[in-house]
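Engineer: Below are the structure tokens for one structure; questions will follow.
Protein chains in written order, with our numbering: chain A, 343 to 468; chain B, 51 to 291.
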């Protein structure tokens with residue numbers, strides 16, 4: 343009985359092994375479904391600080407440049423606007439999960455899109 | 051009324067002076083040692099049986115492992131496999147630090163900027179170094195958005211650099227602020243329970259019960275957010291757009 347089954351089982355095992363190596367095991371779908379609410383929460387916690395942090399860094403850099411170059415308060419004014427720009431861009435990227443470089447979502451993983459996730463996986467594999 | 055910020059006070063247990071620098075072994079350091087010990091014990095003891103069909107403890111250990119493993123795989127791809135130990139250690143350290151800090155009379159070391167900024171800067175500096183090692187000077191193209199007119203670059207490159215520099219700040223402030231705010235709030239409401247007496251005390255008590263549950267979510271979420279953002283930053287350094 344078991345001898346008859348062996349080739350089949352081995353084939354099945356091969357297929358499962360291949361799927362596991364590609365990171366696409368059958369039970370992954372369930373896991374992702376279960377994780378979705380925490381990811382929404384995670385994003386919500388991210389966004390607030392993302393905005394303030396960039397502004398704070400901008401102001402701090404402006405403050406130090408002012409002391410260094412003795413241009414009070416001009417550098418701080420310039421970097422206030424640059425910092426707010428950076429903050430808004432951070433939030434935009436975090437919310438959209440698109441774009442490039444700093445603070446982008448992991449290919450839309452946090453945000454939503456299934457197809458975006460697949461895109462990411464493809465590029466990651468390259 | 052008890053001071054709600056008293057719980058964050060750092061007290062030296064073994065005073066050590068290293069060349070004028072106060073390097074005392076504090077209650078914060080003690081909690082970190084306990085956290086590392088508990089994580090190590092939890093992982094080694096629960097995996098001791100190595101059963102094919104896992105028991106309860108082994109299931110929990112495997113759950114932690116698979117959670118972080120899939121997080122790294124989803125966010126960084128297969129190139130992130132070699133960084134898994136670091137992300138896993140980071141996640142477990144923060145998670146257990148947050149959870150152990152919820153035990154009454156213990157200390158939450160993640161409620162101190164010194165600790166969270168230390169971890170965030172480790173991630174930030176490490177990720178930047180990895181980027182430069184993998185891509186050399188080409189890594190700087192991270193700050194140049196593609197498909198943008200040259201005039202706009204004068205404005206956008208500084209913004210990109212600022213946005214990059216804000217990473218460790220937002221990473222550390224988020225964890226520290228959430229832990230501090232939650233614990234302070236719990237203490238404030240707890241301080242109202244006895245003064246309001248047997249009739250009025252139930253309201254703050256009920257709020258505290260709800261807050262405790264909320265704090266468990268926050269403890270897990272903040273560890274998750276910290277780890278997942280480290281993965282995202284790592285991904286940016288490994289795969290330039």
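Even glycine gets a Cβ: it sits at the ideal position worked out from N, Cα and C.
Measure how close the beta-carbons of residue 59/B and residue 152/B come, nearest whole angstrom, since I'm counting them as under 8 Å.
Structural biologist: Reading the second chain from its first residue, position 9 is the one you call residue 59/B. Reading the second chain from its first residue, position 102 is the one you call residue 152/B. Contact flag wrong, Cβ pair sits at about 18 Å.
Engineer: Using a C-beta cutoff of 8 Å, does residue 219/B count as contacting chain A?
Structural biologist: On the second chain, position 169 is the one that residue 219/B refers to. Chain A, which has a Cβ nearer than 8 Å to the Cβ of residue 219/B, makes this yes.
Engineer: If you drop the 5 nearest sequence neighbours on each side, which residues of the same chain put their C-beta closer than 7 Å to that of residue 235/B?
Structural biologist: Here residue 235/B corresponds to residue number 185 of the second chain, with the count starting at 1. Result list for residue 235/B: 261, in chain order.
Engineer: Applying the criterion that 16 or more other CB atoms from any shown protein chain within 10 Å of the CB defines a buried residue, is residue 351/A buried or exposed?
Structural biologist: Your numbering for residue 351/A matches position 9 in the first chain. Burial call: exposed.
Engineer: For residue 468/A, count the other beta carbons within 10 Å of its own beta carbon; 16 or more makes it buried, fewer makes it exposed. Which is it?
Structural biologist: On the first chain, residue 468/A is found 126 positions in, with the first residue counted as 1. Residue placement at residue 468/A is poorly supported in this model, since its pLDDT is 36, which falls under 50; the coordinates are not used for a value here.
Engineer: Where does residue 71/B fall in DSSP's three states?
Structural biologist: Taking the first residue of the second chain as 1, we reach residue 71/B at position 21. Residue 71/B: strand per DSSP, three-state reduction.
Engineer: Give me the Cα-Cα distance between residue 404/A and residue 205/B, rounded to the nearest whole angstrom.
Structural biologist: Mapped onto the first chain, residue 404/A falls at position 62. Mapped onto the second chain, residue 205/B falls at position 155. Roughly 15 Å separates the two Cα atoms.
Engineer: For residue 63/B, report the span of its beta strand (DSSP E) as first-last.
Structural biologist: Along the second chain, read from residue 1 onward, the residue named residue 63/B stands at position 13. Looking at the DSSP string, the run of the beta strand (DSSP E) that includes residue 63/B is 62–64.
Engineer: Quick one: what's got a C-beta closer than 6 Å to residue 438/A's C-beta in the same chain, skipping five residues either side?
Structural biologist: As a working note, residue 438/A is residue 96 in the first chain. Around residue 438/A: no qualifying Cβ.
Engineer: Work out the CA separation of residue 52/B and residue 359/A for me, nearest whole Å.
Structural biologist: As a first step, residue 359/A must be located in the first chain, where it is residue number 17. As a first step, residue 52/B must be located in the second chain, where it is residue number 2. Going from the Cα of residue 359/A to the Cα of residue 52/B covers about 59 Å.
Engineer: So what does DSSP say about residue 76/B, is it helix, strand or coil?
Structural biologist: The residue given as residue 76/B occupies position 26 in the second chain. Three-state result, residue 76/B: strand.
Engineer: Just verifying my parser: in three-state terms, what is the DSSP assignment at residue 59/B?
Structural biologist: Indexing the second chain from 1 puts residue 59/B at position 9. Three-state result, residue 59/B: coil.
Engineer: Select from the stretch 419–440 of chain A all residues with a C-beta closer than 8 Å to any C-beta belonging to chain B, and list them in chain order.
Structural biologist: Cβ contacts with chain B come from 421, 424, 425, 427, 428, 429, 431, 432.
Engineer: In the structure shown, what three-state DSSP assignment does residue 101/B receive?
Structural biologist: Translated into the one-based positions of the second chain, residue 101/B becomes position 51. Of the three classes helix, strand and coil, the one that applies to residue 101/B here is coil, per DSSP.
Engineer: When you compare each of 193/B, 216/B, 83/B, 115/B to residue 156/B by their alpha carbons, which one comes out closest?
Structural biologist: Taking the second chain and counting its residues from 1, the one referred to as residue 156/B is at position 106. With distances taken between Cα atoms, residue 156/B lies closest to 83/B.
Engineer: So with CB distances below 8 Å, who are the chain B contacts of residue 391/A?
Structural biologist: As a position in the first chain, residue 391/A is number 49, starting the count at 1. Simply 220, 223, 224, 227.
Engineer: State the Cα-Cα distance for the pair residue 275/B and residue 221/B, rounded to the nearest angstrom.
Structural biologist: Looking up residue 275/B in the second chain gives position 225. Looking up residue 221/B in the second chain gives position 171. Spanning the two alpha carbons is a distance of roughly 9 Å.
Engineer: Using 8 Å as the limit for Cβ to Cβ distance, is residue 203/B near chain A?
Structural biologist: In the second chain, the residue the question calls residue 203/B occupies position 153. No, its Cβ sits nowhere closer than 8 Å to a Cβ of chain A.
Engineer: By how many angstroms is the C-alpha of residue 114/B removed from the C-alpha of residue 353/A?
Structural biologist: Position 11 of the first chain, counting from 1, holds the residue named residue 353/A. Position 64 of the second chain, counting from 1, holds the residue named residue 114/B. So the two alpha carbons sit approximately 30 Å from each other.
Engineer: Does DSSP classify residue 274/B as helix, strand or coil?
Structural biologist: Taking the second chain and counting its residues from 1, the one referred to as residue 274/B is at position 224. The answer is helix: DSSP assigns residue 274/B an H, G or I state.
Engineer: Does any C-beta atom of chain B lie closer than 8 Å to the C-beta of residue 387/A?
Structural biologist: The residue given as residue 387/A occupies position 45 in the first chain. Output row for residue 387/A: interface = yes.
Engineer: Examine chain B for any beta-carbon lying closer than 8 Å to the beta-carbon of residue 398/A, and answer yes or no.
Structural biologist: Counting from one through the first chain, the residue named residue 398/A turns up at place 56. Closer than 8 Å: yes.
Engineer: Output needed for residue 393/A: all residues of its chain with C-beta closer than 6 Å, excluding positions within five of it in sequence on either side, in chain order.
Structural biologist: Residue numbering aside, residue 393/A sits at position 51 when the first chain is read from its first letter. Closer than 6 Å at the Cβ level, and outside the excluded window around residue 393/A, lie 429, 433.
Engineer: Does the Cβ of residue 466/A have 16 or more other Cβ atoms within 10 Å, making it buried, or fewer, making it exposed?
Structural biologist: As a first step, residue 466/A is located in the first chain; it is residue number 124 there, counting from the start. Caution applies to residue 466/A, whose pLDDT of 39 falls short of 50 and renders its modelled position unreliable; the value that the coordinates give is listed next. Classification for residue 466/A: buried.
Engineer: CA-CA distance, residue 401/A and residue 272/B?
Structural biologist: Position 59 of the first chain, counted from the first residue, corresponds to residue 401/A. Position 222 of the second chain, counted from the first residue, corresponds to residue 272/B. If I take the Cα positions, the gap works out to 26 Å.
Engineer: How about residue 212/B and residue 399/A: do their beta carbons lie closer than 8 Å?
Structural biologist: As a first step, residue 212/B is located in the second chain; it is residue number 162 there, counting from the start. As a first step, residue 399/A is located in the first chain; it is residue number 57 there, counting from the start. Cβ atoms of residue 212/B and residue 399/A: closer than 8 Å.
Engineer: Does the CB of residue 275/B have a neighbour CB from chain A at under 8 Å?
Structural biologist: Reading the second chain from its first residue, position 225 is the one you call residue 275/B. Yes, because at least one Cβ of chain A sits closer than 8 Å to the Cβ of residue 275/B.
Engineer: Mapping DSSP to helix, strand and coil, what is residue 168/B?
Structural biologist: Position 118 of the second chain, counted from the start, is the residue given in the question as residue 168/B. Of the three classes helix, strand and coil, the one that applies to residue 168/B here is helix, per DSSP.
Engineer: Sort 216/B, 210/B, 162/B by Cα distance to residue 57/B and report the nearest one.
Structural biologist: Here the question's residue 57/B lines up with position 7 in the second chain. When each option's Cα is compared against that of residue 57/B, the closest is 162/B.
Engineer: Below 7 Å, is the gap between the Cβ of residue 195/B and the nearest heavy atom of the ligand FAD?
Structural biologist: No copy of the ligand FAD appears in this structure; indeed no ligand is present at all.
Engineer: Might you give, ordered along the chain, the residues of its own chain that have their beta carbon closer than 6 Å to the beta carbon of residue 66/B, omitting 5 neighbours on each side?
Structural biologist: Position 16 of the second chain, counting from 1, holds the residue named residue 66/B. For residue 66/B, where only same-chain residues beyond five positions count, the Cβ hits under 6 Å are 73, 74.
Engineer: If you compare alpha carbons, which of 92/B, 233/B, 62/B is closest to residue 106/B?
Structural biologist: Stepping through the second chain from its first residue, residue 106/B is reached at position 56. The shortest Cα separation from residue 106/B among 92/B, 233/B, 62/B belongs to 92/B.
Engineer: Under 8 Å, do residue 126/B and residue 284/B count as touching if we go by C-beta distance?
Structural biologist: If you number the second chain from 1, residue 126/B lands on position 76. If you number the second chain from 1, residue 284/B lands on position 234. Their beta carbons are under 8 Å apart, which means residue 126/B touches residue 284/B by this criterion.
Engineer: Report the start-end ranges of each beta strand (DSSP E) in the stretch 82–141 of chain B that is 3 residues or longer and not cut off at the edges.
Structural biologist: List check, beta strand (DSSP E) in window: nothing returned.
Engineer: Do residue 55/B and residue 191/B come within 8 Å of each other at the CB atom, strictly closer than that value?
Structural biologist: Start at 1 with the first residue of the second chain, and residue 191/B comes out as number 141. Start at 1 with the first residue of the second chain, and residue 55/B comes out as number 5. In this structure, residue 55/B does not lie closer than 8 Å to residue 191/B by Cβ.
Engineer: I'd like to know whether the C-beta atoms of residue 287/B and residue 181/B end up nearer to each other than 8 Å.
Structural biologist: Along the second chain, read from residue 1 onward, the residue named residue 287/B stands at position 237. Along the second chain, read from residue 1 onward, the residue named residue 181/B stands at position 131. In this structure, residue 181/B lies closer than 8 Å to residue 287/B by Cβ.
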